[in-house]
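Protein sequences, first through last, are from chains Z and W. Under the working numbering, the first residue of the first sequence is numbered 285, with each subsequent residue one higher. Under the working numbering, the first residue of the second sequence is numbered 2, with each subsequent residue one higher.
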Amino acid sequence: MVPPSFYLILSAILFALGAAGVLIRRNALVMFMSVEMMLNAVNLTLITYSRLLDNIEGQVFVLLVMAVAAAEVAVGLAIVVAYHRHKDSADVDEMDLLKW
Amino acid sequence: MEMVIFFILAIVAVAAGVGVIAQRSAVRSALFLLLNFCSLAGLYLLLNAQFVALVQVIIYAGAVVVLFLFVTMLLGQERAEESPDLRRYQWIAGLLLGVLFLAGILWALIPIGTGLAPASAEWLHELVRSDNVRELGTALVTDFAIPFELASVVLLVAIIGAVVLAKKRLEG
Chain Z
285 MVPPSFYLIL SAILFALGAA GVLIRRNALV MFMSVEMMLN AVNLTLITYS RLLDNIEGQV
345 FVLLVMAVAA AEVAVGLAIV VAYHRHKDSA DVDEMDLLKW
Chain W
2 MEMVIFFILA IVAVAAGVGV IAQRSAVRSA LFLLLNFCSL AGLYLLLNAQ FVALVQVIIY
62 AGAVVVLFLF VTMLLGQERA EESPDLRRYQ WIAGLLLGVL FLAGILWALI PIGTGLAPAS
122 AEWLHELVRS DNVRELGTAL VTDFAIPFEL ASVVLLVAII GAVVLAKKRL EG
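Listed below in structure tokens is the structure:
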């Protein structure tokens, strides 16, 4: 039996990696990938506690998170495609149309 | 044994996570993300969440990463530096992977064919017998029926939103 803290530490590492990716990378696609990684880290935490407390509800939450993540990817990538049609780039630093 | 599997999967997950953010090419990032998702699915199996592990592979590794790859290549965001001996490299890699795949199939099929794998059969039996899916399904249609239905509404809104955002503007 692996101690639950190991899973939590791994989840924290993955979440930190995803956050670092969002901060470091300027490509909108890679930033979305990093966000997905963060969502997965949260899922790992939920499932760890679901196992630890012997409670199925954590896994229900994971399914809902997955549904929302899929919706987020679909809409986010549609935004990137629409933006790319305008400016021919996926660089978030060039997305300053609403800046004043 | 469980500890060893955990550490292998954890190291792969972290290394793939580093790969996602360190690669210059967006396509390679997406492929590292695939590796990350698959190792997380293995961890879910270790945590006795079989259904979530399957959904992880189908939705994340299947749908989400493929969507990422589609958009990446559609937008021409892949800045793969091509080496002159790319073809030969691909050929060798393809051959190697083909042999590996064949070995995997044989490794899985031969024990079943000769009926000499009580250990792995027992493991599979245990996996099927555990009622994780039944428990999860019961929770989804009883205590969490409304959130479950709301998730489908979220997905519907996302579909409509994605179509509206991605289509060309209608004239007039």
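We put the beta carbon where it would ideally sit given N, CA and C, even for glycine.
Secondary structure of residue i, DSSP reduced to three states
i	result
Asp-375 (chain Z)	strand
Asn-133 (chain W)	helix
Trp-124 (chain W)	Its pLDDT being 49, under 50, Trp-124 (chain W) is placed unreliably in this model, and the value from its coordinates should be taken loosely. The answer is helix: DSSP assigns Trp-124 (chain W) an H, G or I state.
Asn-311 (chain Z)	strand
Gln-24 (chain W)	coil
Trp-384 (chain Z)	coil
Asn-49 (chain W)	coil
Leu-107 (chain W)	helix
Met-2 (chain W)	coil
Phe-316 (chain Z)	helix
Arg-170 (chain W)	coil
Pro-288 (chain Z)	helix
Thr-143 (chain W)	coil
Ile-160 (chain W)	helix
Val-339 (chain Z)	Just to set this straight, residue 339 (chain Z) is Asn in the shown sequence, not Val. Coil.
Leu-97 (chain W)	helix
Gly-18 (chain W)	helix
Chain Z contact for residue i (CB, 8 Å cutoff)
i	result
Ala-31 (chain W)	yes
Ala-50 (chain W)	yes
Ile-22 (chain W)	yes
Ala-162 (chain W)	Checking the displayed sequence, the identity of residue 162 (chain W) turns out to be Gly instead of Ala. Gly-162 (chain W) counts as touching chain Z.
Glu-150 (chain W)	no
Gly-95 (chain W)	no
Ile-60 (chain W)	yes
Tyr-90 (chain W)	no
Ala-16 (chain W)	no
Met-2 (chain W)	no
Ala-122 (chain W)	Here Ala-122 (chain W) scores only 46 on pLDDT, less than 50, and its place in the model is too uncertain to base an answer on.
Thr-73 (chain W)	yes
Leu-44 (chain W)	yes
Inter-residue spacing [alpha-carbon to alpha-carbon] between residue i and residue j
i	j	result
Leu-101 (chain W)	Leu-34 (chain W)	22 Å
Val-28 (chain W)	Met-74 (chain W)	8 Å
Gly-360 (chain Z)	Leu-107 (chain W)	42 Å
Phe-38 (chain W)	Ile-293 (chain Z)	17 Å
Thr-139 (chain W)	Asp-132 (chain W)	11 Å
Ser-121 (chain W)	Gly-63 (chain W)	Caution applies to Ser-121 (chain W), whose pLDDT of 45 falls short of 50 and renders its modelled position unreliable; the value that the coordinates give is listed next. In a straight line, the C-alpha of Ser-121 (chain W) is about 26 Å away from that of Gly-63 (chain W).
Ala-81 (chain W)	Arg-25 (chain W)	With a pLDDT of only 44 at Ala-81 (chain W), under 50, the local geometry of the prediction cannot be trusted, and the value read off the model is given with reservation. So the two alpha carbons sit approximately 8 Å from each other.
Leu-166 (chain W)	Glu-3 (chain W)	46 Å
Val-164 (chain W)	Ala-362 (chain Z)	8 Å
Ala-23 (chain W)	Ser-30 (chain W)	8 Å
Ser-153 (chain W)	Gly-342 (chain Z)	19 Å
Leu-68 (chain W)	Leu-157 (chain W)	17 Å
Lys-168 (chain W)	Val-72 (chain W)	14 Å
Gly-99 (chain W)	Asp-372 (chain Z)	38 Å
Ile-308 (chain Z)	Met-322 (chain Z)	14 Å
Gly-162 (chain W)	Val-352 (chain Z)	14 Å
Leu-32 (chain W)	Pro-148 (chain W)	32 Å
Ala-358 (chain Z)	Val-344 (chain Z)	22 Å
Interface flag, residue i vs chain W, CB-CB below 8 Å
i	result
Val-314 (chain Z)	yes
Thr-329 (chain Z)	no
Ala-296 (chain Z)	no
Met-379 (chain Z)	no
Leu-347 (chain Z)	yes
Whole-number beta carbon distance between residue j and residue i, since they are thought to touch under 8 Å
i	j	result
Val-134 (chain W)	Val-346 (chain Z)	Actually they are not in contact, since the Cβ atoms of Val-134 (chain W) and Val-346 (chain Z) sit about 14 Å apart, beyond 8 Å.
Ala-355 (chain Z)	Ala-159 (chain W)	3 Å
Asn-324 (chain Z)	Leu-298 (chain Z)	7 Å
Closer than 7 Å: residue i CB and nearest the ligand SAM heavy atom
i	result
Asp-375 (chain Z)	With respect to the ligand SAM, the structure offers nothing, as it holds no ligand at all.
Are the segment 53-61 of chain W and the segment 287-304 of chain Z touching, with three or more C-beta to C-beta distances below 8 Å? no
Touching or not, the segment 311-324 of chain Z and the segment 360-375 of chain Z, by the rule of three or more beta carbon pairs under 8 Å? yes
Three CB pairs or more closer than 8 Å across the segment 38-51 of chain W and the segment 324-336 of chain Z: yes
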